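*Asks:* Note that the numbering used here has the sequence shown beginning at 1, numbered continuously upward. I have a structure I would like to understand better, so I am pasting it below and will then ask my questions one at a time.
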Amino acid sequence: MNNFLISLLLPLILLAGCSQEGVQAPLELSAFIEELKDNGVDGTLTIRGPVNEDMEYVAEYAIAKYSSTRIISLFKCKDAEKARANLEAALKNPKLSGQASNGTFIMVATFYPPDEEAVEKIKAIFLAHEFE
């Protein structure tokens, strides 16, 4: 039993040092993050490693204004084709909303309680943005 608990906790401990909370946005995301802030969507950025081999990294933007859960996740894929394939998987997840792709990026929102109006506003900003 102790070995089982250790095997569960060890990866979590090792992964705790893998995120970069409050870091500066990668160059291709910095203008989008500024655009969110200009539209009143202020938050904290965390950069994580990829969740699969199609991706370069995951950027999580936790919106600070609310005590509820409001997270925008941006997945940087290696190319637009991989982004479209991963978007199809994201569309099947009922816990996510606002799923969209723009070039090599996928955006998903995790809002609890749900707020479709806010998600649609952020999705519109994402889709209109020109990523470099």
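The C-beta atom is built at its ideal place from N, Cα and C for all residues, glycine as well. Since this is a predicted model, take the numbers as computed values, not measurements.
#1: Comparing alpha-carbon positions, which option in Leu96, Pro94, Asp79 lies nearest Asn102?
#2: Measure how close the beta-carbons of Thr69 and Phe111 come, nearest whole angstrom, since I'm counting them as under 8 angstroms.
#3: Cutting at 7 angstroms between CB atoms, please list the residues of its own chain near Gln20, excluding the five before and the five after it.
#4: Within the same chain, show all residues whose beta-carbon is closer than 6 angstroms to that of Phe32, passing over the 5 residues directly before and after it, in chain order.
#5: Going by other Cβ atoms of all chains shown within 10 Å of its Cβ, with 16 needed for buried, is Ser30 buried or exposed?
#6: Going by beta carbon distance, what residues of the same chain come within less than 6 angstroms of Ala83, once the five residues before and after it are set aside?
#7: Please report the straight-line C-alpha distance between Glu56 and Phe75, rounded to a whole angstrom.
#8: How many whole angstroms separate the CB atoms of Ala59 and Thr44, which I take to be in contact at a CB cut-off of 8 angstroms?
#9: Evaluate Lys123 with the Cβ neighbour count: other Cβ atoms within 10 Å of its Cβ, from every protein chain shown; 16 or more gives buried, anything less gives exposed.
#10: CB Glu116 to CB Ser97, shorter than 8 angstroms?
#11: Indicate the three-state DSSP secondary structure (helix, strand or coil) for Leu96 in the structure shown.
#12: Residues in the same chain with beta-carbon distance under 8 angstroms from Ile71, minus the five sequence neighbours each way, listed in chain order, please.
*Replies:* Quick answer:
#1: Your numbering for residue 102 matches position 102 in the sequence shown. Taking only the C-alpha atoms, the option nearest Asn102 is Asp79.
#2: Here the question's residue 69 lines up with position 69 in the sequence shown. Here the question's residue 111 lines up with position 111 in the sequence shown. Rounded, the Cβ-Cβ distance is 7 angstroms, consistent with contact.
#3: As a working note, residue 20 is residue 20 in the sequence shown. Confidence at Gln20 is low in this model, with a pLDDT of 44, below 50, so its placement is unreliable and the value that follows should be read with caution. Excluding positions up to five away in sequence, the list reads Thr46, Ile47.
#4: Here residue 32 is taken as the residue at index 32 of the sequence shown, counted from 1. Excluding sequence positions up to five before and after Phe32, its CB lies within less than 6 angstroms of the CB of His129, all in the same chain and listed in chain order.
#5: Within the sequence shown, residue 30 is the residue found at index 30, counting from 1. By the neighbour-count criterion, in which a residue is buried when 16 or more other Cβ atoms sit within 10 angstroms of its Cβ, Ser30 is exposed.
#6: The residue you call residue 83 lines up with position 83 of the sequence shown. If we look at Ala83 and ignore the five residues flanking it on each side, its Cβ neighbours are Cys77, Ser101, Thr104, Ile106.
#7: On the sequence shown, residue 56 is found 56 positions in, with the first residue counted as 1. On the sequence shown, residue 75 is found 75 positions in, with the first residue counted as 1. Going from the Cα of Glu56 to the Cα of Phe75 covers about 8 angstroms.
#8: For this step, residue 59 is matched to residue 59 along the sequence shown. For this step, residue 44 is matched to residue 44 along the sequence shown. The beta-carbon separation of Ala59 and Thr44, rounded to 11 angstroms, does not stay under the 8 angstroms limit for a contact.
#9: Within the sequence shown, numbered from 1, the residue matching residue 123 stands at position 123. By the 10 Å Cβ count, Lys123 comes out buried.
#10: Residue mapping note: residue 116 aligns to position 116 of the sequence shown, counting from 1. Residue mapping note: residue 97 aligns to position 97 of the sequence shown, counting from 1. Taking 8 angstroms as the Cβ cut-off, Glu116 and Ser97 qualify as a contacting pair.
#11: Position 96 of the sequence shown, counted from the start, is the residue given in the question as residue 96. Reduced to three states, the DSSP call for Leu96 is coil.
#12: Counted from its first residue, the sequence shown places residue 71 at position 71. The residues are Glu60, Tyr61, Ala62, Ile63, Ala109, Thr110, Phe111.
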